[in-house]
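Following: one structure in structure tokens, then a few remarks.
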Amino acid sequence: MSGDTDRGGEDDATATRRPDGGATGVEKATGRESTRAKPSVLNRIRAELAELTVFDLAVYALYATAIAFFVFPVLWVASASLRPAGELFSYPFRLLPREVSLSAYRQVFQAGMVSWLFNSTLVTIFGVSSIVVVSVPAAYAFSRFEFTGRRGLLGIVLLFQMISPVIIIVPLYTVMSSLGLLRTRAGLILLYVGIQTPFSIWLLKGYFDTIPKELDYAARIDGCNRLQTLRHVLLRPVAPGIAVVAIFNTVLTWSEFVLAFTVLGSESRLHTISIGVYKFQGQYGNDWRAIAAASVIGMLPLVIVFLGLQRYFVRGLVEGSLKGQ
Amino acid sequence: MTADMSDSPDDVHLELQALRKEYPGGITAVEEVSLALPRGELLVLVGPSGCGKSTTLRCIAGLEEPTDGDILIGGESVIGRRPEERAIAMVFQNYALYPHKTARQNIGFGLRMTTDLPDDEVVRRVEDVSDTLGITDLLEKKPGSLSGGQQQRVALGRAIVRDPEVFLLDEPLSNLDATLRARMRTEIQQLQRDLDVTTVYVTHDQVEAMTIGDRIAVLDDGRVQQVGTPMTCYHEPANRFVASFIGEPSMNLLDCEFDRVAGVFDGPVTYPASDELTAAAADADGSDVTLGFRPEAPTLVDPATGHGTSEREAKSGSEAEVGAEPTGQGGALTFPGRVDVVEPVGERSFVYVTLESGPQLTIAVPGGTTVKERTAVGIRLPWSGVHLFDATTGRALHHPEWEQGEPLADLTTGGSDT
Amino acid sequence: MSTADTTARRLLARANDAVRRVLDHPLPWLALALLALAVFQLYPMAEAILMSFTNESLIRPGFEFVGLEQYVRLAADPQFWGMIRVTAIYAFFSVVLHILLGLVLALAIDYGVRRGLRGHLTTRVSVLLAWIVPGIIIGLVWKVMLVESQFGAVNHFLGVLGIGPVPFRSDPTLALISTIVAGTWRGTAFTMIMIYGGLQRVPERLYEAARVDGAGRWDRFRHVTLPQLKPVLFITTVLVTIYALNTFDLIFALTGGGPGRATQVLALFMYQEAFQDYALGRGAAIAVIMLAANLLLTGLYLYAFDVGDEI
Chain A
1 MSGDTDRGGE DDATATRRPD GGATGVEKAT GRESTRAKPS VLNRIRAELA ELTVFDLAVY
61 ALYATAIAFF VFPVLWVASA SLRPAGELFS YPFRLLPREV SLSAYRQVFQ AGMVSWLFNS
121 TLVTIFGVSS IVVVSVPAAY AFSRFEFTGR RGLLGIVLLF QMISPVIIIV PLYTVMSSLG
181 LLRTRAGLIL LYVGIQTPFS IWLLKGYFDT IPKELDYAAR IDGCNRLQTL RHVLLRPVAP
241 GIAVVAIFNT VLTWSEFVLA FTVLGSESRL HTISIGVYKF QGQYGNDWRA IAAASVIGML
301 PLVIVFLGLQ RYFVRGLVEG SLKGQ
Chain R
1001 MTADMSDSPD DVHLELQALR KEYPGGITAV EEVSLALPRG ELLVLVGPSG CGKSTTLRCI
1061 AGLEEPTDGD ILIGGESVIG RRPEERAIAM VFQNYALYPH KTARQNIGFG LRMTTDLPDD
1121 EVVRRVEDVS DTLGITDLLE KKPGSLSGGQ QQRVALGRAI VRDPEVFLLD EPLSNLDATL
1181 RARMRTEIQQ LQRDLDVTTV YVTHDQVEAM TIGDRIAVLD DGRVQQVGTP MTCYHEPANR
1241 FVASFIGEPS MNLLDCEFDR VAGVFDGPVT YPASDELTAA AADADGSDVT LGFRPEAPTL
1301 VDPATGHGTS EREAKSGSEA EVGAEPTGQG GALTFPGRVD VVEPVGERSF VYVTLESGPQ
1361 LTIAVPGGTT VKERTAVGIR LPWSGVHLFD ATTGRALHHP EWEQGEPLAD LTTGGSDT
Chain L
2001 MSTADTTARR LLARANDAVR RVLDHPLPWL ALALLALAVF QLYPMAEAIL MSFTNESLIR
2061 PGFEFVGLEQ YVRLAADPQF WGMIRVTAIY AFFSVVLHIL LGLVLALAID YGVRRGLRGH
2121 LTTRVSVLLA WIVPGIIIGL VWKVMLVESQ FGAVNHFLGV LGIGPVPFRS DPTLALISTI
2181 VAGTWRGTAF TMIMIYGGLQ RVPERLYEAA RVDGAGRWDR FRHVTLPQLK PVLFITTVLV
2241 TIYALNTFDL IFALTGGGPG RATQVLALFM YQEAFQDYAL GRGAAIAVIM LAANLLLTGL
2301 YLYAFDVGDE I
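Residue numbers (my numbering), protein chains in the order written: chain A, 1 to 325; chain R, 1001 to 1418; chain L, 2001 to 2311.
Next up, the structure:
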């Protein structure tokens, strides 16, 4: 399966030339697809079909199944959200609603969706920025400094990452309470910094490690202190790593429920989307359309942002691991 | 540059005094290194991996602080000063070019960071340097789209534009392929001469060291084994290590015991000692000595007739040597062996001969010589090719005479320059 | 240059030096991160451990140290063991499914990229799509999809195949299965991405050498791909195990722990004890047990995978 580079009779435009020791298959893929879009599409498709092995067909089947499995619920929810009141469960079952209605959405907005969106956006933007601001210098330190106990400290940091916040939710509550951070968005943001930095530091350190130390030396000789070195020399090469960390944390923060619920759950004007949707469900019980609508809006911003950025996300992840050795 | 320079010339520009670098954990990378360079000299630090040459270079640069000793540039100690305050510039093995900056930005970065020069001045200098190096049309490109040789030049440019007092190069050519390496070597040499900047050049390749350096410093185990011109180190290696390190293929070394009574060296072969050699052997701590001779020293002879297969014999004074075969005690200057492999290199061939007693020797013969593998040969080693080393300490005891050679006539003035 | 200028310059240089000296020490770089960790992870963890030895409760003020009483009571409680069972089953199958699916998908996508097949990008995006949906929403969405009459989406399709309406959420076993499937639906993206990254890291040369040695597809997979993937698989398995062990939001939304206690994982139990029954001490004890389980499994994995310094 992997590593099979049978080309058959395909011409250069479709051959995947792999640079030594790795591939930028992602980019090659998109590049190739655009070349295919040009002359005699039909002929090409015909040629392709002729070349398919049984294995290829199996893989295609897998793709189809995967796509169906992963996308269906999302589609269905979207469809459910667009139905007029009482229409959800019709018989026979329909994927597409007979008539489209936005009444569910109206309901959701009346229940406070705007405020939820606002809170989620606020917390996510500030949360992610704070995490990045805290993680980058720490990752730099772990990568560029040699000090006694470095490995130990790194191990401890990693250990914290292994611990889900759910476990410490109880004492966390008391800590937040005594610090006066309960029922504040700032408190939640600080909490996210504490909880999500280990993973971010670990990830970023990996990216820093791929940059040869000679670059630091050259910068030193060129007159930079460490901060200047970071800013002028290291930041750009590490940028894909920062992008990955930012995206990762955006997804995690936006979707986060437990901590948000613990900190902000009792203050309805501060509810984030996760809390809002949950409480909404509690209120509206079996009004599935409304819940569907809330769900759609809950995931929509993230989906849009992520779909736009997912290529950089994957590329950043792949590049990071590529340079690793 | 004239031939032999003393170890402490008058106009010392860069000096290392008893430099020592220890790392926590007990590793001593540099035990004791002392060097003195006059202004404008290109000194090569050469030695096997781990000998401390790179560490020494980094101490000069200010990237590491020595545990002990002093470093002086222009008579002033620079210990404790940051790299950019030492007026040095460095070229790294992997060039260490900033990947996201253009060549222009790479070259100008140091200038902008350490000086207050106005923008247009920086631009002017960058373009001047690019012109010198022939990379003006590459200025807008990023390192990723440049070839190894081009990156090399940008790295040089970055270093030169700072107008440094001392120029440091850390194995700059190791990442290039052979042809490019040879060409860049010449270019760097030319550049250094033109700029007349004191340069320390680190390499593990002794051929590179020999060709590029005004002087070379051979390091091993954190110590300087010898400092001298390439020719001096070649013809008068200070110890066994230098003898075997410098020269390609390396010097043949045979461990023997000097038999004072019989006047011979007893080892894998029995080799008669001349008066000179006898006197030198007396200097050793004990009777264990090492005979050394370069591949081009001996000639191959037909074991039966004793007639040589080498042209050299026919030329200069070898007839006299043949005639000077010792009489009486001990063996002749010829000993037998069996040819294993013949490696034709072009104008020479290297013949690997195994002695009856075991060791394998490398002999250089002119390219046209017909020597067959697996045949028996005689190796005639004249006294004029024999070095002697103390086997216990490794110290050199005796070197054969060598001539510097007449410099070519100066074609413009019509006279010679001696 | 006036004296004012020189003094200014000297001060500036001094300040510059001081800044440099500070920056040359790792502490200022790590300070913020370490502080955040100390306040929000280290201290609460210590507190949790301490609390587990008390009978602290929000119902009545004051508390006293009771030693291991909380743990003893838990050990004696059969319901507790039932929940351990549920958690273990959930975690085990989740991990297995996550890894298998992630592996298969990563391989398939990688294959598609190399072979120039279509649709690998769409597949990848689809999988990632599932990951970014907030957990709580996933729980709700699946709740709706698994509605137990013929009106439910899934039941409808099953009905087409002739299978009667399945009680996904009211049957204990099926409920557990539903949570596992929903969790896998979301989490596979993570494993897929991690493994995909690892696949890119495998040097092409190794495959070429294997082919020259006569290795077929399966052999290449077994002898080249898998060993090279070991570090990635290790990390991924550890992370997925922890994620599975500590799953809360998804199950909370999908079944709330029910029916009965069929899907009551430890995380839910702990939460309820602490926040619904206000038995903080007991909740803390459960938390400590979960923590210990996490650490134990991590250690086990370290041993099994024999990765050590490769991370």
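Quick reminder that beta carbons are idealized off the backbone N, C-alpha and C, glycines included.
None of the values given here were measured: they were computed from a predicted structure.
According to DSSP, is residue i helix, strand or coil?
i        : result
R2217(L) : helix
D1340(R) : strand
Y1271(R) : strand
I1079(R) : coil
N1252(R) : strand
Y1095(R) : coil
V314(A)  : helix
V1353(R) : strand
Cβ closer than 9 Å: which chain R residues qualify as neighbours of residue i?
i       : result
G220(A) : In the sequence on display, residue 220(A) carries Arg and not Gly. Result: A1061, G1062, L1063, R1082, P1083, E1084.
Using a C-beta to C-beta distance shorter than 7 Å, which residues of chain A count as neighbours of residue i?
i        : result
H1235(R) : The contacting residues do not exist; H1235(R) stays about 37 Å from chain A at best.
N2246(L) : S164, V166, I167
D2249(L) : F257, V258
Under 7 Å between beta-carbons, which chain L residues line up against residue i? List them in chain order, please.
i       : result
A246(A) : Under the 7 Å cutoff, chain L gives no residues; its nearest Cβ is about 14 Å from A246(A).
W288(A) : V2144
P301(A) : Within chain L, no residue comes near P301(A); the closest Cβ sits about 10 Å away, beyond 7 Å.
Rounded to whole angstroms, what's the CA-CA distance from residue i to residue j? Just pull it up for me.
i        : j        : result
I2084(L) : F2063(L) : 27 Å
P2231(L) : I1071(R) : 46 Å
A1018(R) : I1379(R) : 44 Å
E1031(R) : K1142(R) : 41 Å
V1269(R) : Q1192(R) : 47 Å
F1335(R) : R2211(L) : 53 Å
T197(A)  : L2032(L) : 10 Å
M1001(R) : D1205(R) : Because the pLDDT of M1001(R) is 37, which lies under 50, any placement of that residue in the model is unreliable, and the question is left without a value.
Y328(A)  : L1063(R) : Lying before the first or after the last residue shown, residue 328(A) is absent from chain A, which here runs from 1 to 325.
L1133(R) : T1229(R) : 28 Å
T2191(L) : L2117(L) : 22 Å
M1113(R) : N225(A)  : 10 Å
Could you work out which residues of chain R lie near residue i, taking near to mean beta carbons separated by less than 7 Å?
i       : result
R236(A) : H1100
Within its chain, find whatever has a CB closer than 8 Å to the CB of residue i; leave out the 5 residues flanking it on each side and keep chain order.
i        : result
S1349(R) : V1342, E1343, A1364, V1365, P1366, G1367, T1369, V1371
L259(A)  : P165, I169, L172, L188, L191, Y192, I195
L2199(L) : A2106, L2107, D2110, T2225, L2229
N2246(L) : A2267, M2290, N2294
Please return the same chain residues whose Cβ sits closer than 7 Å to the Cβ of residue i, not counting the five positions on each side in sequence.
i        : result
T30(A)   : In this prediction, T30(A) has a pLDDT of 44, which is less than 50 and means its spatial position is unreliable; what the coordinates show is noted afterwards. There are no such residues.
K205(A)  : A139, F142, S143
R2124(L) : I2109
Counting only Cβ pairs nearer than 9 Å, list the residues of chain A close to residue i.
i        : result
A1029(R) : Residues of chain A passing the Cβ test: none, with the nearest at roughly 15 Å.
I2089(L) : Those do not exist, as I2089(L) stays about 18 Å from chain A at its closest Cβ, beyond 9 Å.
Once the 5 residues before and after residue i are set aside, which same chain residues still bring their CB inside 6 Å of it?
i        : result
H1387(R) : G1292, H1399
D2249(L) : G2135, I2136
G2119(L) : none
L1408(R) : none
Name the chain A residues that come within less than 8 Å of residue i, Cβ to Cβ?
i        : result
A1089(R) : I221
I2163(L) : Those do not exist, as I2163(L) stays about 14 Å from chain A at its closest Cβ, beyond 8 Å.
If the cut is a Cβ gap below 8 Å, which residues of chain R does residue i touch?
i       : result
P212(A) : N1094, A1096
V132(A) : What V132(A) touches in chain R: nothing, since even the nearest Cβ is about 19 Å away.
Do we get a CB-CB distance below 9 Å when we pair residue i with the residues of chain D?
i        : result
R1058(R) : Note that chain D does not occur in the displayed structure, where the protein chains are A, R and L.
Name the chain L residues that come within less than 9 Å of residue i, Cβ to Cβ?
i       : result
V233(A) : The premise fails here: V233(A) is roughly 14 Å from chain L at the closest Cβ pair, so nothing lies under 9 Å.
Chain-ordered residues of the segment 1147-1181 of chain R with a beta carbon less than 7 Å from chain A: none
Members of the segment 1092-1113 of chain R near chain A, C-beta cut-off 7 Å: F1092, N1094, A1096, Y1098, P1099, H1100, F1109, G1110, M1113
Selection of the segment 2076-2087 of chain L by Cβ proximity to chain A, strictly under 9 Å: none
Interfacial residues, the segment 139-156 of chain A to chain L, with Cβ spacing under 7 Å: Y140, A141, F145, F147
Cβ-based contacts, 7 Å cut-off: residues of the segment 2039-2061 of chain L near chain A: V2039, F2040, Q2041, Y2043, P2044, M2045, E2047, A2048, M2051
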